[in-house]
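Undergrad: Going line by line, the protein sequences match chains A and B.
Per my numbering, the very first residue in the first sequence carries number 14; after that it's consecutive.
Per my numbering, the very first residue in the second sequence carries number 14; after that it's consecutive.
There are 2 protein chains.
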Amino acid sequence: MTPILNFLIPTTDACRRSGPQDKIVFSSRVRLARNLRGAPFPGHAKKVDRVKAFDQLMPAVSRLPQAAPDPYAESMDKPTAQEKQILVERHLISREHATKTAGSGLVLNQEETLSIMVNEEDHLRMQSLLPGLQLHLAWKAIDEVDTCLQEQVEFAFHPQYGFLTACPTNLGTGIRVSAMLHLPGLVLAEQINQIIQAVSKLGLAVRGLYGEGTQALGNIFQISNQQTLGESEQEIVERLNKVVLQVIDHEEDARISQLEKRPNVLFNQIGRAYGILSHAHTISSNETMNLLSLLRLGVDLGLFPGTPRTLVDELFLLSQPAHLQLGRVEKLDADHRDVVRAEMLRQRVKGVSTPDHTKTTAKTESI
Amino acid sequence: MTPILNFLIPTTDACRRSGPQDKIVFSSRVRLARNLRGAPFPGHAKKVDRVKAFDQLMPAVSRLPQAAPDPYAESMDKPTAQEKQILVERHLISREHATKTAGSGLVLNQEETLSIMVNEEDHLRMQSLLPGLQLHLAWKAIDEVDTCLQEQVEFAFHPQYGFLTACPTNLGTGIRVSAMLHLPGLVLAEQINQIIQAVSKLGLAVRGLYGEGTQALGNIFQISNQQTLGESEQEIVERLNKVVLQVIDHEEDARISQLEKRPNVLFNQIGRAYGILSHAHTISSNETMNLLSLLRLGVDLGLFPGTPRTLVDELFLLSQPAHLQLGRVEKLDADHRDVVRAEMLRQRVKGVSTPDHTKTTAKTESI
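#1: If we count the other Cβ atoms within 10 Å of its Cβ and call it buried at 16 or more, is Gly185 (chain A) buried or exposed?
#2: Applying the criterion that 16 or more other CB atoms from any shown protein chain within 10 Å of the CB defines a buried residue, is Arg42 (chain B) buried or exposed?
#3: Using a threshold of 7 Å, state whether the C-beta atoms of Arg189 (chain A) and Ser237 (chain A) are closer than that.
#4: Could you tell me whether the Cβ of Gly231 (chain B) comes closer than 7 Å to any Cβ of chain A?
#5: Using a Cβ-Cβ distance under 7 Å, would Ser298 (chain A) count as near chain B?
#6: Going by the CB atoms, is the gap between Leu105 (chain A) and Ser88 (chain A) shorter than 7 Å?
#7: For the structure I just gave you, are there three or more beta carbon pairs, one from the region 146 to 159 of chain B and one from the region 200 to 213 of chain B, closer than 8 Å?
#8: I'd like the span of the alpha helix (DSSP H) that includes Asn303 (chain A), first residue to last.
#9: Is the beta carbon of Thr178 (chain A) closer than 7 Å to that of Ala46 (chain A)?
#10: From Gln69 (chain B) to Ala81 (chain B), what distance separates their C-alpha atoms?
#11: Take every Cβ of the region 291 to 300 of chain B, pair it with every Cβ of the region 295 to 314 of chain A, and state whether three or more of those distances are shorter than 8 Å.
#12: For Trp281 (chain A) and chain B, any beta-carbon pair shorter than 7 Å?
#13: Does the Cβ-Cβ distance between Ala286 (chain B) and Leu308 (chain B) come in under 7 Å?
#14: In terms of residue numbering, what span does the beta strand (DSSP E) encompassing Met139 (chain B) cover?
#15: Roughly how far, in whole angstroms, is the beta-carbon of Gln207 (chain B) from the beta-carbon of Arg220 (chain B), given that I think they are within contact range, below 8 Å?
#16: Just checking: is the beta-carbon of Asn183 (chain B) within a distance shorter than 7 Å of some beta-carbon in chain A?
#17: By Cβ distance below 7 Å, which residues in the same chain neighbour Gly284 (chain A) in space, the five residues on each side in sequence not counted?
#18: Name the chain B residues whose beta carbon is nearer than 7 Å to that of His292 (chain A)?
#19: Do the CB positions of Ile99 (chain A) and Glu264 (chain A) come within less than 7 Å of each other?
#20: Are the CB atoms of Leu49 (chain B) and His110 (chain B) within a distance shorter than 7 Å?
#21: One question on the structure: do Gly216 (chain B) and Gln247 (chain B) come within less than 7 Å of each other, judged by their Cβ atoms?
#22: Determine the burial state of Tyr85 (chain B): buried for a count of at least 16 other Cβ atoms within 10 Å of its Cβ, exposed for fewer.
#23: Residues of chain A with a CB under 7 Å from the CB of Thr178 (chain B): which are they?
#24: For Thr15 (chain B), tell me which candidate among B:Ala218, B:Lys97, B:Pro334, B:Glu134 has the shortest Cα-Cα distance.
#25: First and last residue of the alpha helix (DSSP H) that includes Ser270 (chain A)?
#26: Considering only their Cβ atoms, is the gap separating Ile17 (chain B) from Pro92 (chain B) smaller than 7 Å?
#27: Using 7 Å as the limit for Cβ to Cβ distance, is Val352 (chain A) near chain B?
#28: Does the beta-carbon of Glu378 (chain B) have 16 or more other beta-carbons within 10 angstroms, so that it is buried, or is it exposed?
#29: With H, G and I counted as helix, E and B as strand and the rest as coil, what does DSSP make of Glu87 (chain A)?
#30: By DSSP, does Asn238 (chain A) sit in helix, in strand, or in coil?
#31: Please tell me whether Gly32 (chain B) and Gly198 (chain B) are closer than 7 Å, where the distance is taken between their beta carbons.
#32: Helix, strand or coil for Gly56 (chain A)? Go by DSSP, reduced to three states.
#33: Measuring CA to CA, which of B:Arg322, B:Met130, B:Leu77, B:Gln79 is closest to Val101 (chain B)?
#34: Any idea what DSSP makes of Gly364 (chain A), helix, strand or coil?
#35: For the beta strand (DSSP E) containing Phe39 (chain B), list its first residue and its last residue.
#36: Would you say Thr295 (chain B) reaches chain A, if we count a Cβ-Cβ gap shorter than 7 Å as a contact?
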């Protein structure tokens with residue numbers, strides 16, 4: 014096992030971690046963008062400057078008390094392309110960072126709740142990632158990291174504009190607060206576009222599973238702040254938290270109303286999803302995400318007694334390309350991957366009880 | 014129970030009847046069109062003439078030794094609309110005959126192998142319907158009926174043109190020979206259009222499940238003769254029989270080659286069909302036909318050990334609208350019917366063993 018694969022938490026354990034509201038909120042994330050004073054941004058820096066920043070930041074970051082004990086701390090030329098992809102699939106690094114090699118680095122704590130990218134778009138991209146809805150806690154954690162680092166290095170800071178960043182959309186607080194939500198009820202009730210519009214009007218962005226420009230596969234939506242200027246970090250976190258709580262309410266209402274008004278449509282979609290997942294012999298990543306979303310909804314509605322939600326969450330992760338490739342010598346092409354994915358799903362979904370729509374009588378309690 | 018429902022063979026028994034080549038050939042049918050000499054065709058006849066023809070023909074037809082013992086023999090105003098639809102779904106009467114009322118009649122033997130429509134488009138439409146590939150036997154059976162009737166009534170016959178019929182496409186022999194084939198292999202291999210073209214060039218027609226102008230749902234195709242003039246009945250039957258045997262060979266080759274070249278595609282389609290049929294909560298008639306076709310193919314390929322093909326054949330029948338309505342007081346609309354159909358399928362498909370693609374090792378023997 015290579016260092017990073019050895020370091021990462023097994024998927025089963027990773028998906029078993031719970032948090033408040035985790036029926037609807039997969040995770041909460043707060044990240045800060047920071048840059049060294051007087052040093053060119055990584056995208057514009059010459060190699061020597063990038064290495065200088067790397068050499069200054071990596072030791073400081075690795076020794077952070079918040080990363081202890083024994084964090085993973087390596088240059089980005091260490092993990093293979095596949096390993097980097099695994100980190101992307103677990104939301105521990107950005108897609109952009111996965112393209113980096115020597116001169117960029119990653120520091121990760123053992124719990125995988127703290128991830129710090131060195132020389133991504135900014136010198137530092139620091140994120141706190143927690144299960145369920147824990148935006149305040151995530152903010153607190155990353156704020157401590159930030160405070161701690163500011164005692165050791167000087168960040169580029171303008172008295173009027175705040176923290177300077179490579180991209181102006183991060184200028185000021187350099188904060189991006191986001192929550193990953195599972196909203197199948199709103200999608201089935203065809204209310205999702207309304208919600209997206211309402212949330213957008215509040216100056217928040219709604220995106221797909223892997224952030225900017227990605228599709229909302231599996232009915233998974235990321236809500237994040239757009240503005241980083243003119244508002245304090247606390248205010249941004251609080252505002253997002255409030256909106257997420259409202260969206261959760263709407264999602265719960267949508268589920269109850271769908272169950273009451275169109276139970277057959279709901280049972281039909283969930284049942285078919287279960288039937289396909291347990292019997293397909295080739296299945297794409299996109300179709301899998303959408304079917305797993307319905308399976309997860311079924312678990313939430315009590316249709317699969319005895320099946321924990323975490324089992325479905327693990328399937329979301331294990332269905333991703335790099336996770337499928339894990340432990341296989343031959344490189345899977347897309348067609349072969351679809352076959353391997355179907356095989357994995359057939360085997361795992363055996364562990365899911367067959368759907369029983371009569372078990373939803375306790376629906377309001379369950380929701 | 015009304016007379017006709019009481020008379021009909023239960024679906025389970027009806028589908029259990031077997032015949033040669035019935036893995037690929039559902040049924041063989043030979044029908045003759047005949048008209049009374051000197052009497053106007055039913056479509057042009059005044060009521061009094063139609064009743065006259067009816068009164069002359071019904072007693073003769075009912076007393077046919079080939080219809081004995083105790084045939085069903087009734088005027089078409091006796092069965093309800095739903096009962097007529099059941100007769101259509103079982104291929105015992107034409108869609109056109111289902112619209113007829115008083116003045117038209119039906120005689121059916123107990124085995125449902127002989128069905129004679131009085132005052133359909135012609136005064137007599139007599140069909141012999143046998144399971145599997147038994148075109149010669151079906152011809153022999155209906156020829157005997159014809160001979161027997163000719164001793165009692167005089168048919169419109171022209172020395173040059175042969176038997177006169179309401180529609181010129183039936184002129185001459187008045188014969189329509191057809192076989193109903195299940196060709197999922199040729200459809201999956203995308204060779205079906207080639208086969209249809211080749212068969213058409215031989216002067217034969219390829220149609221869907223319910224004859225002229227209907228879609229080939231469930232990969233079911235009807236092959237029949239186009240010409241009724243210039244060839245003897247024996248020649249027509251023999252020619253069709255030969256072509257059907259060739260199509261059977263092509264279908265078997267296509268199945269073997271798909272299994273060898275694209276096993277995952279095959280297992281995928283069959284597995285998904287099984288998964289959906291056993292877990293859907295609403296399903297249309299068309300989708301059902303197509304999925305049942307794949308299930309039947311799976312049974313043929315040995316993927317469902319212990320599941321008889323007849324179980325699938327019964328589901329084909331039970332999924333039809335009028336059969337679904339059977340035994341229900343409230344009239345089902347289309348939406349409700351889709352729910353009832355899904356419910357019936359979920360319950361029945363429980364009796365099918367779960368698919369096991371490892372069981373296809375004996376594939377060549379199985380085919």
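Where a beta carbon is used, it is the ideal one built from N, C-alpha and C, also for glycine.
TA: Based on what the coordinates show:
#1: buried
#2: buried
#3: yes
#4: no
#5: no
#6: no
#7: no
#8: 298 to 313
#9: yes
#10: 19 Å
#11: no
#12: The residue asked about is misnamed: residue 281 (chain A) is Asn in this sequence, not Trp. Cβ-Cβ to chain B under 7 Å: yes for Asn281 (chain A).
#13: yes
#14: 137 to 144
#15: Contact doesn't hold; Cβ gap of about 17 Å is too wide.
#16: no
#17: Pro368
#18: Gly284, Arg285, Tyr287, Gly288, Pro368
#19: no
#20: no
#21: no
#22: buried
#23: The contacting residues do not exist; Thr178 (chain B) stays about 48 Å from chain A at best.
#24: B:Lys97
#25: 246 to 274
#26: yes
#27: yes
#28: Its pLDDT being 43, under 50, Glu378 (chain B) is placed unreliably by the model, and the measurement read from it follows with that caveat. The residue is exposed, with fewer than 16 neighbouring Cβ atoms inside 10 Å.
#29: strand
#30: strand
#31: no
#32: coil
#33: B:Met130
#34: coil
#35: 38 to 47
#36: yes
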